[in-house]
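Student: Numbering-wise (UniProt numbering), the sequence shown opens with residue 1 and increments by one.
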Amino acid sequence: MDPAAARFPAVPLARGHYESFYLKAGDAAGRQAVWLRYTVHKRPGAAPVGSLWVTLFDDDGPHAGKLTAPPEALRAGGASGADWLHVGDARIGAGGAHATVPGLAEWELRFDGGEAPFPYLPSGWMYTAPLPKTKALSLLPAVRVSGSVTVRGRTVELDGWPGMVGHNWGAEHAERWIWLHGTAFEQQPGAWIDMIVGRIRIGRWTTPWVANGCLSLDGRRHRLGGLGRTRSTRIDELPERATFWVTGEGVALRGQVGAPPGDVVGWVYSDPDGPQHHTAHCAIADMRLRVARRDLPPLELTVSGGATYELGMREHDHGIPLQPFGDP
């Protein structure tokens, strides 16, 4: 199946479903970033509805907004495949993203370059298996984004900002998850890391942290984590920062990522059947990686203001102010 194809049209009415196409692009030097989500939320027995989410990060903190449209405004991309999802007149696809939310936000963005998609899950059968209940892949792992974004009267111009575009879907969110993305490293501007780490609840049991991701160095991709590497995966996380140890194909890395709490935005994510997570997200975080490779000296990679750190959690006493929007 086309990795960019929307999954919600094939979901039976009786089942629940969530889905999102999301974009992150940032200017590390200016400590600015945009994070956009085009989402689908479907309660069991109900029609799916689409929402537009936007957060602009700058030196005054995050500026955010959200619009949920009626079910009839949601549709999958056309037969040409140019667009992946439409929410009313808003769209996102291989060439870019567009939306106008009167009185709140608007954006017109173009995607240039990019690399082949990266599937976070290491085996194709995992995308059709019952577990994990969340599926995700990086459609454009390293892309340049140009155009403009306006949120609540604040406008930023993007001139080839490095970023990524992803797609995820499923019947429920992981019990706990982390998403990490880093690019524009001082030592290797072309290097990037894109990784999700999750704990899954199975009945009364919650799995250890399982990492799945990619570290790209000198144009070579090193797959990170996997079920066979859970013992070498360690996470020490808080809503505004984390330290992590992960091994992969020919590499082992230790990293830190984080930002001041004032640079972190809080959102509510709901599972299709009702329970909620709180999500703390920062797209202007600092990241430091120490990479060990066979027969090579250790490599240090650092970026200030150009990384993404997201933590999805059950607790509500994390101290990050939540945006006043429900989900959907």
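Beta carbons: idealized from backbone N, C-alpha and C, even for Gly.
1) What does the Cβ neighbour count give for P48, buried or exposed, with the cut at 16 atoms within 10 Å?
2) Tell me the rounded alpha-carbon separation between R144 and P297.
3) Counting along the chain, where does the beta strand (DSSP E) carrying L238 start and finish?
4) What residue does the beta strand (DSSP E) around Y18 start on, and which one ends it?
5) Is DSSP giving E108 helix, strand or coil here?
6) Over the uninterrupted beta strand (DSSP E) stretch that includes Y38, give me the two end residues.
7) What's the gap between the Cα of A28 and the Cα of A307?
8) What residues are listed by DSSP as bridge partners for V54?
9) Please confirm whether any heavy atom of the ligand ZN lies closer than 7 Å to the CB of V151.
10) Since L139 and H167 are thought to touch, with beta carbons under 8 Å apart, how far apart are those beta carbons, to the nearest angstrom?
11) In angstroms, rounded to a whole number, what distance separates the CA positions of V87 and S51?
12) Could you say which of T55, E19, G312 lies nearest to R7 if we only look at CA atoms?
13) So, for L158: in the same chain, excluding its five sequence neighbours on each side, which residues have a beta-carbon less than 8 Å away from its beta-carbon?
14) Where Q187 and P162 are concerned, what is the direct C-alpha to C-alpha distance, given to the nearest angstrom?
Tutor: Here's the rundown:
1) buried
2) 30 Å
3) 234 to 238
4) 17 to 27
5) strand
6) 32 to 42
7) 8 Å
8) L36, G65
9) The model on display carries no ligand, and the ligand ZN is accordingly not part of it.
10) 5 Å
11) 7 Å
12) E19
13) A25, D27, V34, L109, V145, S146, G147, S148, V149
14) 16 Å
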